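Numbered per the numbering used here, the sequence shown spans residues 10 to 127. From the three backbone atoms N, C-alpha and C, an ideal C-beta is built for every residue, glycine too. Because the structure is a prediction, the values reported are computed rather than measured. This report concerns only the one structure given below.
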Amino acid sequence: KRKGASRSYVEAPDDEPVDSAEEMEEEEAAEEDALQAEVPDVKEMTSKQALAAAKRDGIVLDKSGKTSSGYQGVAFRQECAARPYAVTDRGTYLGACRSAEGGALLRVLSRRHAVEEE
Numbered sequence: 010k011r012k013g014a015s016r017s018y019v020e021a022p023d024d025e026p027v028d029s030a031e032e033m034e035e036e037e038a039a040e041e042d043a044l045q046a047e048v049p050d051v052k053e054m055t056s057k058q059a060l061a062a063a064k065r066d067g068i069v070l071d072k073s074g075k076t077s078s079g080y081q082g083v084a085f086r087q088e089c090a091a092r093p094y095a096v097t098d099r100g101t102y103l104g105a106c107r108s109a110e111g112g113a114l115l116r117v118l119s120r121r122h123a124v125e126e127e
């Protein structure tokens, strides 16, 4: 706080005053929104992006030796070049993904979401 200031503020990194804690919270929320905008949709993730996201969030992808993709509930479809991996869980179609790892991540995230809703 500077002496003689009529309102409270904190110093920002560039030494420009910020009016209040509320403004700081708004700025943090805007930064978080911008970060979220940079994160690709799970269905569009490359293998590398999906594996990194799973590792970052502590998610273990369900591997399978019985599917062509190597992951449970994720099947390779030749006819769709843009998103060749169809994802299902317990008979429910979840969508198509760019990579098998993205499909496996989508499946795990959909299960987590279903558990949270219960």
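Counting C-beta neighbours from all protein chains within 10 Å, is the total for residue i 16 or more, i.e. buried, or is it exposed?
i    : result
A111 : In the sequence on display, residue 111 carries Gly and not Ala. Burial call: buried.
K64  : exposed
V124 : exposed
Y94  : buried
V117 : buried
Y102 : exposed
If you draw a straight line from the C-alpha of residue i to the C-alpha of residue j, how long is it?
i    : j    : result
A113 : Q58  : 12 Å
R107 : R86  : 11 Å
S78  : H122 : 23 Å
K52  : A91  : 10 Å
D98  : A61  : 22 Å
E88  : G104 : 15 Å
V83  : I68  : 16 Å
G74  : A109 : 13 Å
L70  : R120 : 12 Å
E31  : T76  : 51 Å
S29  : E37  : 13 Å
Assign residue i to one of three DSSP states: helix, strand, or coil.
i    : result
V83  : strand
A123 : helix
K72  : strand
A109 : helix
A61  : helix
E88  : coil
S29  : coil
What does residue i pair with, by DSSP beta-bridge criteria?
i   : result
V96 : V83, G104
Compute the minimum distance between the beta carbon of residue i and the heavy atoms of the ligand SAM, and state whether it is under 7 Å.
i   : result
E35 : No copy of the ligand SAM occurs in the structure displayed, which carries no ligand at all.
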